[in-house]
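Q: Per numbering that gives the first Met the number 0, the sequence shown runs over residues 0 to 231.
The structure that follows is given in the form of structure tokens.
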Amino acid sequence: MPVTSQYVIPVSPVPHLPVRNSGLRFPVHRIYCVGRNYADHAIEMGHDPNRETPFFFQKNADNLVIGNGSFPYPSGSKEVHHEIELVVAMGDGGTDIARKNALDHVWGYAVGLDMTRRDLQGEMKKAGRPWEVGKAFDHSAPCSDVVPASEIGHPGAGRIQLKVNGEVRQLGNLSQLIWKVPEIIMVLSGLFELKPGDLIMTGTPAGVGAVNRGDLLECFIEGVGEMTTRVV
Ligand code: MN
0 MPVTSQYVIP VSPVPHLPVR NSGLRFPVHR IYCVGRNYAD HAIEMGHDPN
50 RETPFFFQKN ADNLVIGNGS FPYPSGSKEV HHEIELVVAM GDGGTDIARK
100 NALDHVWGYA VGLDMTRRDL QGEMKKAGRP WEVGKAFDHS APCSDVVPAS
150 EIGHPGAGRI QLKVNGEVRQ LGNLSQLIWK VPEIIMVLSG LFELKPGDLI
200 MTGTPAGVGA VNRGDLLECF IEGVGEMTTR VV
């Protein structure tokens, strides 16, 4: 009998995002997220807005919801928040990447949502436990198509905005990032070996809030793109 596969159970599909207007796919390796990277959001969460060393957490690559898909309200939570974020898509990896070369490693950008079970995250924070249940749950990372940096460059400024049912809830500017993209890559690559296909969610501006089933989340980042997600 011919051996068709050495794997003893079915192999999971490669998580990916579409590349805008191309029919091509960007394969996703890991998802890193930066915490408290806009001063006004740090303040609304009760933290010091001054520049402290950036900190990171992760979501799973298969937590992605491909652009304009639905976000199923997750189990186990009564308070789920939207966090709109600029997503960096790494084309090239490395360790200890220098700030001045960091953007050479970026393949493109996308608009993402770091959906958060805020009640569970809060309980974990209080107990000094990991944030996974609050952050790294199924469907917790809706993300738009990736746009290549070769088309749009590396956005350092531009409006970042989220509307819920037509009303603006989050509004900021990429220029307000406490840690800029090259600095994030520098610090992160000192902690982990970055790989092609890694995504980095760069933090959210103020205005996070709870979503309900039926809500329409309209996300927009100037110069990058837009995404619409329905909570179901
Ligand atoms: Mn976030």
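For every residue, glycine included, the Cβ atom is placed at its ideal position computed from N, Cα and C.
Just so it is clear, the structure is predicted and the values come from calculations on it, not from any experiment.
Just how far apart, CA to CA, sit Leu119 and Glu82?
A: Cα-Cα distance, rounded: 16 Å.
Q: In whole angstroms, what separates the C-alpha of Leu216 from that of Ser4?
A: Distance between the alpha carbons of Leu216 and Ser4 is about 42 Å.
Q: For the alpha helix (DSSP H) holding Gly121, just list the boundary residues, first then last.
A: It spans 117–126 - the alpha helix (DSSP H) in which Gly121 sits, taken as one unbroken run.
Q: Determine the DSSP secondary structure at Gln186, reduced to helix, strand or coil.
A: Looking at the sequence shown, residue 186 is not Gln but Val. Three-state DSSP puts Val186 in a helix.
Q: Buried or exposed: His46, going by 16 or more other Cβ atoms within 10 Å of its Cβ?
A: So His46 ends up on the exposed side.
Q: For Ile151, name the three-state secondary structure that DSSP assigns.
A: Three-state DSSP puts Ile151 in a helix.
Q: Near Pro129, what residues of its chain come up, given a Cβ to Cβ distance below 7 Å and the 5 sequence neighbours on each side ignored?
A: If we look at Pro129 and ignore the five residues flanking it on each side, its Cβ neighbours are Met123.
Q: Is the beta carbon of Gly34 within less than 8 Å of some heavy atom of the ligand MN?
A: Yes - the ligand MN has a heavy atom lying nearer than 8 Å to the Cβ of Gly34.
Q: Quick one: complete beta strand (DSSP E) runs, 3+ long, within the region 3–89?
A: DSSP runs (the beta strand (DSSP E)) wholly in the region 3–89: 15–17, 24–26, 30–33, 55–58, 63–65, 79–81, 83–89.
Q: Once DSSP output is grouped into helix, strand and coil, what is the label at Pro195?
A: It is coil, neither helix nor strand.
Q: Would you list the one or two residues that DSSP bridges to Ile159?
A: Ile159 is bridged to Gly171, Ile220.
Q: Are there 16 or more other CB atoms within 10 angstroms of the CB of Thr94, so buried, or fewer, so exposed?
A: With fewer than 16 other Cβ atoms within 10 Å, it is exposed.
Q: Should Thr232 be listed as close to the ligand MN, given that the test is whether its C-beta is under 8 Å from any heavy atom?
A: With the chain covering only 0 through 231, there is no way to say anything about residue 232.
Q: According to DSSP, is Arg98 part of a helix, a strand, or is it coil?
A: Reduced to three states, the DSSP call for Arg98 is helix.
Q: For Trp106, tell me which candidate among Phe55, Phe56, Pro195 has the shortest Cα-Cα distance.
A: Ranking the options by Cα distance to Trp106, first place goes to Pro195.
Q: Can at least three beta-carbon pairs, one atom from the region 107–117 and one from the region 132–141, be found at a separation below 8 Å?
A: The region 107–117, when compared against the region 132–141, does touch it at the 8 Å Cβ threshold.
Q: By DSSP, does Pro141 sit in helix, in strand, or in coil?
A: The answer is strand: DSSP assigns Pro141 an E or B state.
Q: Give the secondary structure of Gly208 by DSSP, where H, G and I count as helix, E and B as strand, and everything else as coil.
A: DSSP places Gly208 in strand when its eight states are reduced to three.
Q: Less than 8 Å separating the Cβ of Cys115 from some heavy atom of the ligand MN?
A: The question names Cys, but residue 115 in the sequence shown is Thr. Correct: Thr115 has its Cβ closer than 8 Å to the ligand MN.
Q: Is any heavy atom of the ligand MN found at a distance shorter than 8 Å from the C-beta of Thr52?
A: Checking the Cβ of Thr52 against the ligand MN gives no.
Q: For Met200, verify whether its CB is less than 8 Å away from any heavy atom of the ligand MN.
A: Yes, Cβ of Met200 sits closer than 8 Å to a heavy atom of the ligand MN.
Q: Could you check what DSSP says for Gly213 in three-state terms: helix, strand or coil?
A: Of the three classes helix, strand and coil, the one that applies to Gly213 here is coil, per DSSP.
Q: Closer than 6 Å by C-beta to Val79: which residues in its own chain qualify, once you throw out the five before and the five after it? Chain order, please.
A: Closer than 6 Å at Cβ, skipping near neighbours: Arg116, Val210.
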